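Engineer: Numbering (my numbering), first residue to last: 103 to 497.
Sharing a structure with you now.
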Ligand code: PMT
């Protein structure tokens with residue numbers, strides 16, 4: 103992997119030396135181009151030291167340049183990664199302005215481009231920035247979506263540069279073997295909603311992030327992916343075919359319809375086990391003399407068990423969301439659901455499981471084998487799950 107790392111002038115530029123190191127850890131050779139503004143946030147000298155090459159700042163050449171010109175570099179590189187990417191550089195890339203070393207290089211660069219926007223939420227939400235990001239995406243440039251959280255300016259919201267391991271995982275995925283080429287994979291994600299009356303429902307805290315990450319990772323590894331999702335606020339990963347459902351019954355119907363043509367089914371959705379037996383057709387009114395109400399529930403069909411009856415049956419990956427005795431409960435569920443593999447996560451820990459950006463899982467096979475995936479981004483965990491599936495499919 104030969105990577106040109108372009109760093110533009112945002113506070114997150116301080117992560118650049120760490121990003122270079124971690125990219126090197128996974129076998130990348132890295133050359134760095136800084137915009138003059140980035141050089142105010144991060145020391146060119148430290149980037150030269152970690153990358154072991156001159157850092158380019160001035161398109162007209164300077165003492166740190168090391169004799170490599172942008173055309174030569176463009177012949178060498180497999181990937182241009184711009185992280186962090188400010189609103190300014192995104193705008194320049196969108197229209198083709200080449201007025202510094204990085205933007206001039208970007209015009210000369212011929213291989214893949216990955217851009218990680220990072221800026222204040224207000225800036226990120228500006229219609230021009232949204233439009234420019236979409237222009238880059240439409241040109242085939244991969245966008246590493248910013249994280250949400252506390253920003254350098256003290257505001258809370260979207261706009262943070264994702265953590266270095268998340269960016270490295272995306273780069274690795276870019277270069278990953280297309281080892282799922284020719285496979286059709288069905289992934290389920292998100293919650294289901296079961297109506298109590300026309301305005302109320304019961305649901306759960308699934309955000310869909312885990313399932314969407316699996317769909318995204320599988321697609322990047324060459325699979326044709328169908329994603330069946332309950333209600334979420336997530337963007338459909340590029341190249342993935344989405345079927346939206348609301349209830350567990352709709353999930354069952356959609357899964358059974360798509361499963362016949364899928365070699366692998368991965369059930370990350372949090373499907374309601376029960377549904378109100380008789381949802382009211384009018385809004386249930388509050389009554390002055392009634393302090394409690396009871397709702398009767400009946401069991402939903404277990405989708406995994408239905409899948410396991412298919413002939414020929416796909417390779418089935420179940421999930422287990424547990425709040426205690428993770429391994430024992432997961433092993434029991436694996437047997438009960440007759441799955442090939444189960445991915446167990448502890449949903450009592452707010453930092454992993456439901457609605458978090460990271461997860462930590464146990465992957466248990468029906469042959470008794472077990473491996474632990476330490477806490478990592480859901481995208482990284484998704485790739486480890488796919489590794490485990492491929493390993494088993496190949497015997
Ligand atoms: O969506 P996120 O916020 O990213 O959170 C991810 C997650 C915690 C939802 C995910 O990692 C996860 O654990 N998904 C499974 C949640 C769940 O419903 O677990 P369970 O232990 O209740 O169910 C076990 C398995 O049976 C699951 O694969 C489920 O999809 C399946 N099931 C459940 C009910 C049903 N009627 N049919 C099913 O097939």
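Built from N, CA and C at the ideal position, the CB exists for glycine as well.
Remember, it's a predicted structure, so these values are computed and weren't measured experimentally.
#1: Excluding the five sequence neighbours on either side, which residues of its own chain have a C-beta within less than 6 angstroms of the C-beta of residue 341, listed in chain order?
#2: Shortest alpha-carbon distance to residue 487 belongs to which of 442, 451, 145, 457?
#3: Between the Cα of residue 308 and the Cα atoms of 454, 264, 467, which residue gives the shortest distance?
#4: Per DSSP, residue 479 forms a beta bridge with which residues?
#5: For residue 260, which three-state DSSP category applies?
#6: Taking the alpha-carbon positions, what's the residue 281 to residue 324 distance?
#7: Using a 10 Å radius around the Cβ and a threshold of 16 neighbouring Cβ atoms, would you call residue 244 buried or exposed?
#8: If you drop the 5 nearest sequence neighbours on each side, which residues of the same chain put their C-beta closer than 8 angstroms to that of residue 476?
#9: Taking 9 angstroms as the threshold (beta carbon to beta carbon), is residue 125 in contact with chain D?
#10: Under a Cβ-count criterion, where at least 16 other Cβ atoms within 10 Å of its own Cβ denotes burial, should residue 169 be classed as buried or exposed?
#11: Considering only C-alpha positions, which residue in the set 421, 474, 468 is nearest to residue 456?
#12: Quick one: is residue 473 buried, meaning 16 or more other Cβ sit within 10 Å of its Cβ, or exposed?
#13: For residue 292, is the classification buried or exposed, using 16 other Cβ atoms within 10 angstroms of its Cβ as the cut-off for buried?
#14: Could you give the distance in angstroms between the alpha-carbon of residue 82 and the alpha-carbon of residue 449?
#15: Residue range of the beta strand (DSSP E) that residue 249 falls in?
#16: Should residue 364 be labelled buried (16 or more other beta-carbon atoms within 10 Å of its own) or exposed?
#17: Would you be able to state if there are at least three C-beta pairs under 8 angstroms between the segment 142-156 and the segment 118-134?
#18: Is residue 308 helix, strand or coil when you go by DSSP?
#19: Would the beta-carbon of residue 288 be found less than 8 angstroms away from any heavy atom of ligand 1?
#20: If you reduce the DSSP assignment to three classes, tell me which class residue 227 lands in.
#21: Grouping DSSP H, G and I as helix and E and B as strand, with all else coil, what is residue 219?
#22: Looking only at C-alpha atoms, which of 210, 279, 383, 370 sits nearest to residue 444?
#23: To the nearest angstrom, report how far apart residue 489 and residue 397 are at their CA atoms.
#24: I'd like the span of the alpha helix (DSSP H) that includes residue 209, first residue to last.
#25: Flag residue 342 as yes when its Cβ comes closer than 8 angstroms to any non-hydrogen atom of ligand 1, and as no otherwise.
#26: With the cut-off set at 9 angstroms, would you say residue 227 and residue 260 are in Cβ contact?
Structural biologist: So, to answer that:
#1: The residues are 321.
#2: The residue with the shortest Cα to Cα distance from residue 487 is 442.
#3: Relative to the Cα of residue 308, the nearest Cα in the group 454, 264, 467 belongs to 454.
#4: When DSSP reads this structure, residue 479 sits in a beta bridge with 460.
#5: Correct three-state label for residue 260: strand.
#6: Residue 281 and residue 324 have their C-alpha atoms roughly 7 angstroms apart.
#7: It is buried - the Cβ of residue 244 has at least 16 other Cβ atoms within 10 Å.
#8: Cβ neighbours of residue 476 beyond the five flanking positions: 462.
#9: Protein chains in the displayed structure number just one, and chain D is not present.
#10: Note that residue 169 has pLDDT 49, beneath the 50 cutoff, so the model's placement of it is unreliable and the number below is only indicative. Label assigned to residue 169: exposed.
#11: Nearest Cα to residue 456 within the set 421, 474, 468: 421.
#12: It counts as exposed.
#13: Buried.
#14: The structure shown does not extend to residue 82, since the chain spans only 103 to 497, so no value can be given for it.
#15: It spans 249-252 - the beta strand (DSSP E) in which residue 249 sits, taken as one unbroken run.
#16: Burial call: buried.
#17: The segment 118-134 is in contact with the segment 142-156.
#18: Taken through DSSP and simplified to helix, strand or coil, residue 308 comes out as coil.
#19: No, the Cβ of residue 288 stays beyond 8 angstroms of every heavy atom of ligand 1.
#20: Here DSSP, grouped into helix, strand and coil, assigns residue 227 to coil.
#21: Here residue 219 sits in strand by DSSP.
#22: Nearest option by C-alpha distance: 370.
#23: Near 43 angstroms, if we compare the C-alpha coordinates of residue 397 and residue 489.
#24: For residue 209, the enclosing alpha helix (DSSP H) begins and ends at 203-210.
#25: Answer for residue 342: no, Cβ out of range of ligand 1.
#26: Against a cut-off of 9 angstroms, the Cβ pair of residue 260 and residue 227 comes out as a contact.
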